[in-house]
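Engineer:
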Amino acid sequence: MRYILFLLILFGVILIGAEAQNQRESGFRTVVIDPGHGGRDPGAVGRVVKEKDIVLAIGLKVGEYLNREMPELNVVFTRTEDVFVPLNERAAIANNAKADLFVSIHANSIHNPRIFGAETFVLGLHRSQENLEVAKRENSVIILEEDYTTTYQGFDPTSPESYIIFELMQNVYLDQSISAASLIQNQFESRVGRHNRGVKQAGFLVLRETAMPGVLVEVGFLSNAQEERFLASEEGQVYLASAIFRAIRDYKNRHEARSQIASVRPNVQSEIVLPETPPMVDTQNEVVFRIQVATTRQMINSGEGPYTHFDEVWVYEEGGLYKYTTGYSICYDDISHQLTNVREKIPDSFIVAFKNGERVPVSSVR
21 MRYILFLLIL FGVILIGAEA QNQRESGFRT VVIDPGHGGR DPGAVGRVVK EKDIVLAIGL
81 KVGEYLNREM PELNVVFTRT EDVFVPLNER AAIANNAKAD LFVSIHANSI HNPRIFGAET
141 FVLGLHRSQE NLEVAKRENS VIILEEDYTT TYQGFDPTSP ESYIIFELMQ NVYLDQSISA
201 ASLIQNQFES RVGRHNRGVK QAGFLVLRET AMPGVLVEVG FLSNAQEERF LASEEGQVYL
261 ASAIFRAIRD YKNRHEARSQ IASVRPNVQS EIVLPETPPM VDTQNEVVFR IQVATTRQMI
321 NSGEGPYTHF DEVWVYEEGG LYKYTTGYSI CYDDISHQLT NVREKIPDSF IVAFKNGERV
381 PVSSVR
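The working numbering numbers the first residue of the sequence shown as 21 and each following residue consecutively.
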């Protein structure tokens, strides 16, 4: 019974998220910075410092850079001091702000003190035991909340069975979240010189209830003495915060570049007729990959918007929106190669998948 209730909540969040996505297609206005843990929840504890203090210092610096360099952006914090904020309240803050991106900042810890480096997670099914353990540790904060079994519909952060539910989730923001996570990891590696542990997926409760693209950043390991010293230093915090700031800036630029293409308004037409679906999409039980480059509420005329960039443009309708794609392949590696070229023109383009003419999550068919 508790899993049925959990499913209903999850599907409700997905529907809310889809509607919120439709509303924010035209611009990037708000980012939420979420320093993890706080108050009675110290998070990971190193030899000298606590996770809650490190991530708050970094988070505040990220907000400072955003406010100074991008004053047009609305920056919202889930906490600005050493206080405890439940996971569901963090998500509620982001949803109420109608945020365009949610960035949760954390520091890692593991039993092996030789492991080091930064990694960024998006919501999804963990692919390894290590990713599951990270999710368990970050989710265990709910035990400090009153009546958490009711709030989270019986979710047990220590039980692997509770994480099976994430197999049934379809994260409507997966592509955008991966894009933001990749930018953060690239900044960590190229500009800060941190060991890049990659972009990963796992079942984080704080990301589950946010109705926007979101990432959980693990800036380093407090269990590694050298990395703890770097995280505790003013220099290290400045470097890491500036890397996250630059990634958010680049993500915003990508988002707006794509929206600029999508915002071309068509001439008034007496009748809107969608182009015929290419036969290749109707292939029975075959998965087809394409690259989405624009989204509009009204049809774009031929010769405008994405049609000026690509010889082949196919449009499909979903959720009351017209979505424009280019490229085609039944091989994910091939469409990924095509995506590199497409992003030279539309930086925020991403891969979409279809089966029997219906869109399906890319993660489910890779």
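Backbone N, C-alpha and C fix where the C-beta goes; we use that ideal spot for every residue, glycine too.
Among the residues of its own chain, which have a CB less than 7 angstroms from the CB of VAL258, if the five just before and after it don't count?
Structural biologist: LYS81
Engineer: Starting from the C-beta of LEU203, find all residues in its chain whose C-beta is less than 6 angstroms away, skip the five residues before and the five after it, and write them out in chain order.
Structural biologist: ALA267, ASP270 and TYR271
Engineer: Check VAL105 in the structure and name its three-state DSSP category.
Structural biologist: DSSP places VAL105 in coil when its eight states are reduced to three.
Engineer: Reducing DSSP to helix, strand and coil, say where TYR342 ends up.
Structural biologist: strand
Engineer: Count the other CB atoms within 10 Å of the CB of PRO91; is the residue buried (16 or more) or exposed (fewer)?
Structural biologist: So PRO91 counts as exposed.
Engineer: Using only alpha-carbon positions, find the residue among ASP102, PRO381 and GLU332 that is nearest to ARG60.
Structural biologist: ASP102
Engineer: Taking Cβ to Cβ, would you say GLY240 is nearer than 8 angstroms to PHE250?
Structural biologist: yes
Engineer: For the pair the stretch 315-322 and the stretch 352-368, tell me if three or more CB-CB distances fall below 8 angstroms.
Structural biologist: no
Engineer: Start and end of the beta strand (DSSP E) containing THR315?
Structural biologist: 307-316
Engineer: Look at LYS72 and GLY58 and say whether their C-beta atoms are less than 8 angstroms apart.
Structural biologist: Between LYS72 and GLY58, the gap from beta carbon to beta carbon is short of 8 angstroms.
Engineer: Compare the C-alpha of VAL75 against each of LEU359, ARG363, GLU254 and GLU338 and name the closest.
Structural biologist: GLU254
Engineer: Taking three-plus beta-carbon pairs below 8 angstroms as touching, is the stretch 102-122 in contact with the stretch 208-219?
Structural biologist: The stretch 102-122, when compared against the stretch 208-219, does not touch it at the 8 angstroms Cβ threshold.
Engineer: Residues in its own chain within less than 7 angstroms of ALA261 by CB, not counting five upstream and five downstream?
Structural biologist: Closer than 7 angstroms at the Cβ level, and outside the excluded window around ALA261, lie ILE78, LYS81, VAL82 and TYR85.
Engineer: Determine, using beta carbons only, whether VAL105 and VAL51 come nearer to each other than 8 angstroms.
Structural biologist: no
Engineer: Taking the alpha-carbon of GLU247 as reference, which of PRO55, ARG67, PHE48 and ASP54 has the nearest alpha-carbon?
Structural biologist: Nearest option by C-alpha distance: ARG67.
Engineer: Quick one: is VAL65 buried, meaning 16 or more other Cβ sit within 10 Å of its Cβ, or exposed?
Structural biologist: exposed
Engineer: Using the three-state DSSP reduction, which class does PHE97 fall into: helix, strand or coil?
Structural biologist: In the structure shown, PHE97 falls within a strand segment according to DSSP collapsed to helix, strand and coil.
Engineer: What are the boundary residues of the beta strand (DSSP E) that includes ASN128?
Structural biologist: Run containing ASN128: 121-128, per the beta strand (DSSP E) assignment.
Engineer: Restricting to Cα atoms, I'd like to know which of ASP54, GLU139 and GLN207 is closest to PHE97.
Structural biologist: ASP54
Engineer: Indicate whether SER129 and SER243 have their beta-carbon atoms separated by less than 8 angstroms.
Structural biologist: Yes, Cβ-Cβ distance for SER129 and SER243 is below 8 angstroms.
Engineer: DSSP has PRO55 in a bridge; who is on the other side?
Structural biologist: ILE125
Engineer: PHE122: which of ASP331, VAL69, ILE264 and PRO381 sits nearest, CA to CA?
Structural biologist: Cα-wise, what sits closest to PHE122 is ILE264.
Engineer: To the nearest angstrom, how far is the alpha carbon of GLU337 from that of HIS275?
Structural biologist: 20 angstroms
Engineer: Look up TYR193 in the DSSP assignment and say whether it is helix, strand or coil.
Structural biologist: coil
Engineer: Take SER199 as the anchor and find which of GLY213, LEU236 and GLY223 has the nearest alpha-carbon.
Structural biologist: With distances taken between Cα atoms, SER199 lies closest to LEU236.
Engineer: Does ARG99 pass the burial test, meaning 16 or more other C-beta atoms within 10 Å, or should it be called exposed?
Structural biologist: buried
Engineer: CA-CA distance, GLN190 and PRO381?
Structural biologist: Its pLDDT being 44, under 50, GLN190 is placed unreliably by the model, and the measurement read from it follows with that caveat. Approximately 7 angstroms, taken between the alpha carbons.
Engineer: Taking DSSP as the reference, what is the three-state secondary structure of LEU251?
Structural biologist: helix
Engineer: Inspect the beta-carbon positions of ALA222 and GLY144 and report whether they are closer than 8 angstroms.
Structural biologist: yes
Engineer: So if DSSP puts VAL239 in a beta bridge, which residue, or which two residues, is it bridged to?
Structural biologist: Looking at the DSSP assignment, VAL239 forms no beta bridge with any residue, so it has no partner.
Engineer: Which residue marks the beginning of the beta strand (DSSP E) containing ARG217, and which one marks its end?
Structural biologist: 216-222
Engineer: Check whether the Cβ atoms of TYR352 and GLN312 sit closer than 8 angstroms, and answer yes or no.
Structural biologist: Note that the C-beta distance between TYR352 and GLN312 is not below 8 angstroms.
Engineer: Please report how far the alpha carbon of LEU93 lies from the alpha carbon of ARG49, in whole angstroms.
Structural biologist: 5 angstroms
Engineer: Excluding sequence positions up to five away, which residues of its chain have a Cβ less than 8 angstroms from the Cβ of SER356?
Structural biologist: ILE371
Engineer: In this structure, what does DSSP give as the bridge partners for TYR11?
Structural biologist: With the chain covering only 21 through 386, there is no way to say anything about residue 11.
Engineer: Can you have a look at GLY1 and say buried or exposed, based on whether 16 or more other CB atoms are within 10 angstroms of its CB?
Structural biologist: This structure gives no information on residue 1, because the portion of the chain shown stretches from 21 to 386.
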